[in-house]
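Chemist:
2 protein chains.
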Amino acid sequence: MAVPNVVPRAVVITVGDELLLGDTVDSNAARIGKVLAGLGAPVVRKETVGDEAAAIRVAVARALDDGDLVVVTGGLGPTPDDLTREAVAELFGRPLQTDPDLVAMLSARFRTAGSGAFPELNLSQAMVPEGARVLPNARGTAPGLALEREGRWVVLLQGVPVELEGMLAGPVRDLVREIFSDRLRPPVHRFFRTTGIAESCLAERVEGLLPAERGPVQLAYLPSIRGVDLRFTVTGGVDTDEARIWLERMEGALEDLSPYRYHDEDLVAAVAVSLECAGRTLAVAESCTGGLLAKRLTDRAGASNWFYGGVVSYTDDSKVERLGVAPALLARVGAVSEEVARSMAVGVARVFRADVGVGITGIAGPSGGTSDKPVGTVWYAVTVGERTAVETEVFVGDREAVRERSTQAALHLLYRTISD
Amino acid sequence: MAVPNVVPRAVVITVGDELLLGDTVDSNAARIGKVLAGLGAPVVRKETVGDEAAAIRVAVARALDDGDLVVVTGGLGPTPDDLTREAVAELFGRPLQTDPDLVAMLSARFRTAGSGAFPELNLSQAMVPEGARVLPNARGTAPGLALEREGRWVVLLQGVPVELEGMLAGPVRDLVREIFSDRLRPPVHRFFRTTGIAESCLAERVEGLLPAERGPVQLAYLPSIRGVDLRFTVTGGVDTDEARIWLERMEGALEDLSPYRYHDEDLVAAVAVSLECAGRTLAVAESCTGGLLAKRLTDRAGASNWFYGGVVSYTDDSKVERLGVAPALLARVGAVSEEVARSMAVGVARVFRADVGVGITGIAGPSGGTSDKPVGTVWYAVTVGERTAVETEVFVGDREAVRERSTQAALHLLYRTISD
Numbered sequence: 001m002a003v004p005n006v007v008p009r010a011v012v013i014t015v016g017d018e019l020l021l022g023d024t025v026d027s028n029a030a031r032i033g034k035v036l037a038g039l040g041a042p043v044v045r046k047e048t049v050g051d052e053a054a055a056i057r058v059a060v061a062r063a064l065d066d067g068d069l070v071v072v073t074g075g076l077g078p079t080p081d082d083l084t085r086e087a088v089a090e091l092f093g094r095p096l097q098t099d100p101d102l103v104a105m106l107s108a109r110f111r112t113a114g115s116g117a118f119p120e121l122n123l124s125q126a127m128v129p130e131g132a133r134v135l136p137n138a139r140g141t142a143p144g145l146a147l148e149r150e151g152r153w154v155v156l157l158q159g160v161p162v163e164l165e166g167m168l169a170g171p172v173r174d175l176v177r178e179i180f181s182d183r184l185r186p187p188v189h190r191f192f193r194t195t196g197i198a199e200s201c202l203a204e205r206v207e208g209l210l211p212a213e214r215g216p217v218q219l220a221y222l223p224s225i226r227g228v229d230l231r232f233t234v235t236g237g238v239d240t241d242e243a244r245i246w247l248e249r250m251e252g253a254l255e256d257l258s259p260y261r262y263h264d265e266d267l268v269a270a271v272a273v274s275l276e277c278a279g280r281t282l283a284v285a286e287s288c289t290g291g292l293l294a295k296r297l298t299d300r301a302g303a304s305n306w307f308y309g310g311v312v313s314y315t316d317d318s319k320v321e322r323l324g325v326a327p328a329l330l331a332r333v334g335a336v337s338e339e340v341a342r343s344m345a346v347g348v349a350r351v352f353r354a355d356v357g358v359g360i361t362g363i364a365g366p367s368g369g370t371s372d373k374p375v376g377t378v379w380y381a382v383t384v385g386e387r388t389a390v391e392t393e394v395f396v397g398d399r400e401a402v403r404e405r406s407t408q409a410a411l412h413l414l415y416r417t418i419s420d
Numbered sequence: 421m422a423v424p425n426v427v428p429r430a431v432v433i434t435v436g437d438e439l440l441l442g443d444t445v446d447s448n449a450a451r452i453g454k455v456l457a458g459l460g461a462p463v464v465r466k467e468t469v470g471d472e473a474a475a476i477r478v479a480v481a482r483a484l485d486d487g488d489l490v491v492v493t494g495g496l497g498p499t500p501d502d503l504t505r506e507a508v509a510e511l512f513g514r515p516l517q518t519d520p521d522l523v524a525m526l527s528a529r530f531r532t533a534g535s536g537a538f539p540e541l542n543l544s545q546a547m548v549p550e551g552a553r554v555l556p557n558a559r560g561t562a563p564g565l566a567l568e569r570e571g572r573w574v575v576l577l578q579g580v581p582v583e584l585e586g587m588l589a590g591p592v593r594d595l596v597r598e599i600f601s602d603r604l605r606p607p608v609h610r611f612f613r614t615t616g617i618a619e620s621c622l623a624e625r626v627e628g629l630l631p632a633e634r635g636p637v638q639l640a641y642l643p644s645i646r647g648v649d650l651r652f653t654v655t656g657g658v659d660t661d662e663a664r665i666w667l668e669r670m671e672g673a674l675e676d677l678s679p680y681r682y683h684d685e686d687l688v689a690a691v692a693v694s695l696e697c698a699g700r701t702l703a704v705a706e707s708c709t710g711g712l713l714a715k716r717l718t719d720r721a722g723a724s725n726w727f728y729g730g731v732v733s734y735t736d737d738s739k740v741e742r743l744g745v746a747p748a749l750l751a752r753v754g755a756v757s758e759e760v761a762r763s764m765a766v767g768v769a770r771v772f773r774a775d776v777g778v779g780i781t782g783i784a785g786p787s788g789g790t791s792d793k794p795v796g797t798v799w800y801a802v803t804v805g806e807r808t809a810v811e812t813e814v815f816v817g818d819r820e821a822v823r824e825r826s827t828q829a830a831l832h833l834l835y836r837t838i839s840d
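Each protein sequence line maps, in turn, to chains A and B. Everything in the first sequence is counted per our numbering, starting at 1 for the first residue and increasing by one. Everything in the second sequence is counted per our numbering, starting at 421 for the first residue and increasing by one.
1) Who are the near neighbours of B/Ala457 in its chain, counting only those whose CB is closer than 8 Å to its CB and skipping five residues on each side?
2) Look at A/Phe192 and A/Asp229 and say whether their C-beta atoms are less than 8 Å apart.
3) Which value, in whole angstroms, describes the spacing of the CA atoms of A/Pro216 and B/Asp437?
4) Please specify which runs of the alpha helix (DSSP H), each continuous and at least 4 residues long, are wholly inside the segment 80-144 of chain A, giving them in chain order.
5) Considering only residues of the same chain and omitting the five flanking positions on each side of A/Thr235, which have a CB-CB separation below 6 Å?
6) Which residues bound the beta strand (DSSP E) around A/Asp229?
7) Does the beta carbon of A/Glu251 fall short of 7 Å from some heavy atom of the ligand GTP?
8) Kindly list the residues whose CB is nearer than 8 Å to the CB of A/Arg85, restricted to its own chain and excluding five residues on each side of it in sequence; keep chain order.
9) Quick one: residues in its chain with C-beta nearer than 8 Å to the C-beta of A/Arg403, no 5 flanking neighbours on either side, listed in chain order?
10) Can you check DSSP and say which residues form a bridge with B/Leu440?
11) Taking the alpha-carbon of A/Ala169 as reference, which of A/Leu323, A/Pro119, A/Asn137, A/Val88 has the nearest alpha-carbon?
12) Tell me the DSSP secondary structure of B/Lys466 in three-state form.
13) Applying the criterion that 16 or more other CB atoms from any shown protein chain within 10 Å of the CB defines a buried residue, is B/Pro643 buried or exposed?
14) Whole angstroms are fine: how far does the CA of A/Glu165 sit from the CA of A/Val72?
15) I'd like to know if the segment 691-710 of chain B and the segment 770-781 of chain B are in contact, where contact means that at least 3 CB-CB pairs between them fall below 8 Å.
16) Taking 8 Å as the cut-off, decide whether the C-beta atoms of B/Thr790 and B/Ala761 are in contact.
17) Checking contacts by CB at 8 Å: is B/Asp686 closer than that to chain A?
18) Give me the Cβ distance between A/Thr240 and A/Ala220, rounded to the nearest whole Å; I'm assuming they're in contact under 8 Å.
19) Going by CA-CA distance only, name the one from A/Ser27, A/Ala10, A/Thr112 that's closest to A/Asp68.
20) Taking the alpha-carbon of A/Leu414 as reference, which of A/Val271, A/Asn122, A/Ala59 has the nearest alpha-carbon?
21) Are the C-beta atoms of A/Ala29 and some chain B residue less than 8 Å apart?
22) Going by other Cβ atoms of all chains shown within 10 Å of its Cβ, with 16 needed for buried, is A/Arg405 buried or exposed?
23) Of the residues B/Thr561, B/Ala509, B/Met525, which one's Cα is nearest the Cα of B/Arg569?
24) For a contact defined as C-beta to C-beta under 8 Å, what are the partners of A/Lys34 on chain B?
25) Check whether the segment 371-390 of chain A and the segment 306-326 of chain A touch, using three or more Cβ-Cβ pairs below 8 Å as the test.
26) Once the 5 residues before and after A/Met1 are set aside, which same chain residues still bring their CB inside 6 Å of it?
27) For the candidate residues A/Gly131, A/Val7, A/Asp99, A/Val312, whose alpha-carbon lies nearest to that of A/Asp66?
28) Report the rounded CA-to-CA distance for B/Val592 versus A/Gly50, giving the unit in angstroms.
29) Using the C-alpha atoms, what's the distance from A/Arg322 back to B/Glu696?
30) Using a Cβ cut-off of 8 Å, which residues of the segment 306-319 of chain A contact any Cβ in chain B, in chain order?
31) In its own chain, which residues sit with a C-beta less than 6 Å from the C-beta of B/Phe727, not counting the 5 before and 5 after it?
32) Who pairs with B/Ser601 in a beta bridge, going by DSSP?
33) Do three or more CB pairs link the segment 189-204 of chain A to the segment 253-271 of chain A at distances below 8 Å?
34) Looking at chain A, is there any beta carbon in it that lies within less than 8 Å of the beta carbon of B/Arg819?
35) Which same chain residues, not among the five before or five after A/Val333, have their C-beta less than 7 Å away from its C-beta?
36) What does B/Val490 pair with, by DSSP beta-bridge criteria?
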C-alpha cells in the first residue's frame, strides 16, 4: 500500500464496438481526460476495445501496469453485450454479488418513474464485485463501481454522456481527491479568447507582447472555426501564489491585443453583457447566414432581455418588403454589397424598433460566385444610433465554414461597435 | 510474407497531448474507423498516446502484435513536438532520409502559395524512412508514409482532419485495397431514418414488422437528438446477391413504419426534394427556436430555390407587427398557444408570399415555464393553401435539447404535410 508521493497517472479505457466502427465519436474519453487533468491526475494513455470480455480484461490488466487509476467507461448497461462488470470482477478474482441496497434503490426508481415492476434484465445493474465501492448515479440506473488492489484503483462508469458527466462532477471527483489527496497537482489555467485573426498572425503578435522570461508558464494555441483561444498553464506543483503572479504578468502583457481579444466564454456572452449593461436592444437581418446569427444569439438563455428578433431574407423581394432596402439600390449594386448590408442593418433596427441592427449579405456557396464576387464574399454591417460600421471579407472554406466565419465576424464587429 | 486468408485486423493509434487532456475530442479515430470498416478491414482496438517518442514506439510495437494494419495519426507536423516519424523509423530500424522529390514538391507549393522560401522547419516533412512509400497529401504539406514488415503495415497520417479525410478517401483506400485485396470483406449496409418516435417504442414497432428469420442481417439502432436511425448490416463474406435479397426483405417489411420513416440523408433534404418537386416555396416564423429552423433549412446548398426567408420573433410586438398576429389573440391565449402558432405560420407565408408557412412558439427554458405551460412546451404549425396542421409537445431536456427537438418536430410536421 506504500506508494511514492508522485503525481498519480491515469489510464482511460472506453468500451464499445460503435467506437471502433466510428459510429460514435469518443467524446467520453475527452470528458474524462479534462476532469482528471483538472484534478491533477492527468491521463497518460487511453485505449478503446470492443464489446468482448477478453479484450476488456487484457486492456484493464495492461492499464494497471501503467496507471495508478484506471477509468473504464461503457459496457455497464443491462443488455447481454454489456460485459465490463463481469470482465473486471473476473480479473480481480472478486465474485459478483447482488447488492440488496441497490436492488431496493433500483426498484424504488422504477416504481417512481411509473415504469412498473423492476425488470429482470436490470438486475445485473445491482451486481457488485466483492469489496467494491458503489458510486451513486443520480442520473440513471447503473451505478459506478470502484475497486482497489495494492493502491491502484479501477473505476467503472456508464457510457451515457449525461450520466457520465454527473458521475465525474460528483462521486468520481470526490473519490480521486480522497484516494490520492496530496499526490494531486492540479494545474492553474488562464484563458484568453480571440477572434478575427489567423493563428500565425496571432502568434507573431502574442510573442511580441509577452515577456521573454515566462517562468513556469506554458502557452497553448487552441484554434477553432470561431477563433483561437490562448491557454496559459502553470502545471501542478508550483506554489499557487507564484503561479498567480506569473499568470497576471502574462495577462497584463496581452492588454494590447485588442480588438482581437475578448473576455467572456463566448463572443455572444460578451455581446449580451455589453447590451444589457447599456440597456440596448438588438435585431438582425441575415441573408447568407440564413438564421445562424439569430440562432447563436438565442442559444443564450435570457436572450429575450435584449434580443427583439430578426429577418432571414433569402430573396430580393423580401429585402425590399421586409427590410426596406430600395429596389433601385439592389438593381444598381446587387444584393451582395456594402450598401445593401448597411441598408439591411438600418432597416431591421427600424422595423423591430431596436437600438442596434446587424445586416449580413454574402455568397455562402457552393454556387453563386462570380469573378467579381467569388464564393465567400460577405458584407456585414452594424448600426447604432446614427452610426453604421461595415466590413467585408472573402471567407475561405465550404458553405458551412463561410456561414460560421461570417457569423463570427459579424458578432465581432457588433461587439467592437457596442463596446466603443 | 505468407499470410492466412483471413479478414485483416486494423489498430488505430492517435498521437497528441491534447487528446489525453481532453482539449480535443478524437474525431480522427472515428473517421479512420468508419473508412476501414467500410473497406472490410475493421478496427479491433485503438489507443491514444501523448507527444512522447517512447510512448509512440511502445504503442506501435504492441499494435503490430495485434493488427495486420496499424494506422497512426498525428505528430507529423513540422514542430519539435512532432515525433511520430522519428519514433517509427527507429522502431523499424530504417534511417530517415531526405526525399529529393518531396523537397522539390514542397518548395514548389510554398512558392505557389506566395509564402516565399521553403522554411527550414518544414524540411522535416521531406524526411522519409528508408524503403517507405510516400502517400501524396493533396491538401497539405506533410505526406503520409507507409512501411511494411513481414506482411504487416504501418501507415502514418497527419492529424489535421481535412487532410486526413483526403488521405483516407484516396491514397489510404487504394493502399488497403492493394495490400489486402481478396482478404477484405466489406459489409453491406442499408439505412433507414426515423424521427418523432422514442427508441423503445420504435424497437417494439420494428420488431413487430420484421420477419423472425433475418438470415445474416444485423440490426443496430443509432439514436441521436434528431431521431433514431436503423442500420441493417450484412457483414462481409456473404454472397452479394444473397445479402441484397435479405436487405430488400427487411426494407419491404418496414414500409408500414410511416410516418416515422423517411428516406433521405436528412429531414431537410426530404423537405427540400418534396418542395422542389411540387414547385412550392417556404417561409418560417420562429419564436423559441430563434432561427435554428431557418439555419437548418439554409444549411442545404440550393435552399434559395424554395426558401424565401423567415422571421425570428422574440417579442409580442414583433409577432403583431411582423407577422400579423392579432393583439387581442395574444392577450387572450398567450404567445405559447395553438392559435398563435397557427397565426404565425399563416402570417409568415402571407408576408413572404410563400406557398407554405411554418410557425413555432414555445418555452425553451431554463426560465419562463409555468405550471400550466412548463419549460419545453412548444406549439408548431404548418400551413399550405387553406389547410393548417398544428401539433404540440412538451419536450424534455435543457434549452439546447428543447430547441433541437422542436425544430426537428416542426420539420417532421412540415414533411408529412407537404408529402400528403
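Glycine included, C-beta positions come from ideal geometry on N, C-alpha and C. In this text the structure is predicted, and so the values were computed from the model without any measurement.
Modeler: So, to answer that:
1) Here the question's residue 457 of chain B lines up with position 37 in the second sequence. Result list for B/Ala457: Val463, Pro607, in chain order.
2) The residue given as residue 192 of chain A occupies position 192 in the first sequence. The residue given as residue 229 of chain A occupies position 229 in the first sequence. The beta carbons of A/Phe192 and A/Asp229 sit closer together than 8 Å.
3) Taking the first sequence and counting its residues from 1, the one referred to as residue 216 of chain A is at position 216. Taking the second sequence and counting its residues from 1, the one referred to as residue 437 of chain B is at position 17. So the two alpha carbons sit approximately 18 Å from each other.
4) Whole alpha helix (DSSP H) segments, 4+ residues: 84-92, 100-112.
5) Numbered from its first residue, the first sequence carries residue 235 of chain A at position 235. Excluding positions up to five away in sequence, the list reads Pro187.
6) One-based indexing of the first sequence puts residue 229 of chain A at position 229. Unbroken beta strand (DSSP E) run through A/Asp229: 227-234.
7) The model depicted lacks the ligand GTP and carries no ligand whatsoever.
8) Working through the first sequence from its first residue, we reach residue 85 of chain A at position 85. Excluding positions up to five away in sequence, the list reads Gly75, Leu76, Leu96, Ser124, Met127, Pro129, Leu145, Leu156.
9) Residue numbering aside, residue 403 of chain A sits at position 403 when the first sequence is read from its first letter. Excluding positions up to five away in sequence, the list reads Cys288, Thr289, Gly290, Leu292, Ala364.
10) Here residue 440 of chain B refers to the residue found at position 20 when the second sequence is read from its first residue. Under DSSP, no beta-bridge partner is assigned to B/Leu440.
11) Position 169 of the first sequence holds residue 169 of chain A. With distances taken between CA atoms, A/Ala169 lies nearest to A/Asn137 out of A/Leu323, A/Pro119, A/Asn137, A/Val88.
12) The residue you call residue 466 of chain B lines up with position 46 of the second sequence. Reduced to three states, the DSSP call for B/Lys466 is strand.
13) In the second sequence, the residue the question calls residue 643 of chain B occupies position 223. That one is exposed.
14) Here residue 72 of chain A is taken as the residue at index 72 of the first sequence, counted from 1. Here residue 165 of chain A is taken as the residue at index 165 of the first sequence, counted from 1. For A/Val72 and A/Glu165, the distance between alpha carbons rounds to 14 Å.
15) With the cut-off at 8 Å, the segment 691-710 of chain B and the segment 770-781 of chain B touch.
16) As a position in the second sequence, residue 790 of chain B is number 370, starting the count at 1. As a position in the second sequence, residue 761 of chain B is number 341, starting the count at 1. Contact: no.
17) Mapped onto the second sequence, residue 686 of chain B falls at position 266. Not a single C-beta of chain A is nearer than 8 Å to the C-beta of B/Asp686.
18) Walking along the first sequence from the start, residue 240 of chain A turns up at place 240. Walking along the first sequence from the start, residue 220 of chain A turns up at place 220. That pair is no contact at about 20 Å.
19) In the first sequence, the residue the question calls residue 68 of chain A occupies position 68. Of all alpha-carbon atoms in A/Ser27, A/Ala10, A/Thr112, the one lying nearest the alpha-carbon of A/Asp68 is that of A/Ala10.
20) By one-based count along the first sequence, residue 414 of chain A stands at place 414. Out of A/Val271, A/Asn122, A/Ala59, A/Val271 has the C-alpha closest to the C-alpha of A/Leu414.
21) If you number the first sequence from 1, residue 29 of chain A lands on position 29. Among the residues facing chain B, A/Ala29 is included, as its CB has a counterpart in that chain under 8 Å away.
22) Taking the first sequence and counting its residues from 1, one reaches residue 405 of chain A at position 405. Answer is buried; the Cβ neighbour count reaches 16.
23) Position 149 of the second sequence, counted from the first residue, corresponds to residue 569 of chain B. Cα-wise, what sits closest to B/Arg569 is B/Ala509.
24) Along the first sequence, read from residue 1 onward, the residue named residue 34 of chain A stands at position 34. Leu441, Gly442, Asp443, listed in chain order.
25) Contact between the segment 371-390 of chain A and the segment 306-326 of chain A is absent, with fewer than three C-beta pairs closer than 8 Å.
26) Numbered from its first residue, the first sequence carries residue 1 of chain A at position 1. Model confidence at A/Met1 stands at a pLDDT of 45, short of 50, so the residue's coordinates are unreliable; what they give is reported in the following sentence. For A/Met1, same chain residues with a beta-carbon under 6 Å away, outside a window of 5 residues either side, are Gly151 in chain order.
27) As a first step, residue 66 of chain A must be located in the first sequence, where it is residue number 66. That would be A/Val7, whose Cα lies nearest to the Cα of A/Asp66.
28) Reading the second sequence from its first residue, position 172 is the one you call residue 592 of chain B. Reading the first sequence from its first residue, position 50 is the one you call residue 50 of chain A. Here the C-alpha atom of B/Val592 lies approximately 24 Å from the C-alpha atom of A/Gly50.
29) Reading the second sequence from its first residue, position 276 is the one you call residue 696 of chain B. Reading the first sequence from its first residue, position 322 is the one you call residue 322 of chain A. For B/Glu696 and A/Arg322, the distance between alpha carbons rounds to 24 Å.
30) Per Cβ criterion, the list reads Phe307, Tyr308, Gly309, Gly310, Val311, Val312, Ser313, Tyr314, Thr315, Asp317, Ser318.
31) Counting from one through the second sequence, the residue named residue 727 of chain B turns up at place 307. Beyond the five residues adjoining it in sequence on each side, B/Phe727 comes within less than 6 Å, by CB distance, of Leu702, Leu717 in the same chain, given in chain order.
32) Taking the first residue of the second sequence as position 1, residue 601 of chain B is located at position 181. In DSSP, B/Ser601 forms no bridge with anything.
33) Counting C-beta pairs closer than 8 Å gives three or more between the segment 189-204 of chain A and the segment 253-271 of chain A, which meets the contact rule.
34) Translated into the one-based positions of the second sequence, residue 819 of chain B becomes position 399. For B/Arg819, the answer is yes, since a Cβ of chain A falls inside 8 Å of its Cβ.
35) As a position in the first sequence, residue 333 of chain A is number 333, starting the count at 1. Excluding sequence neighbours, A/Val333 sits near Glu339, Val340.
36) The residue given as residue 490 of chain B occupies position 70 in the second sequence. DSSP, once it has assigned bridges, lists B/Val431, B/Val574 as partnering B/Val490.
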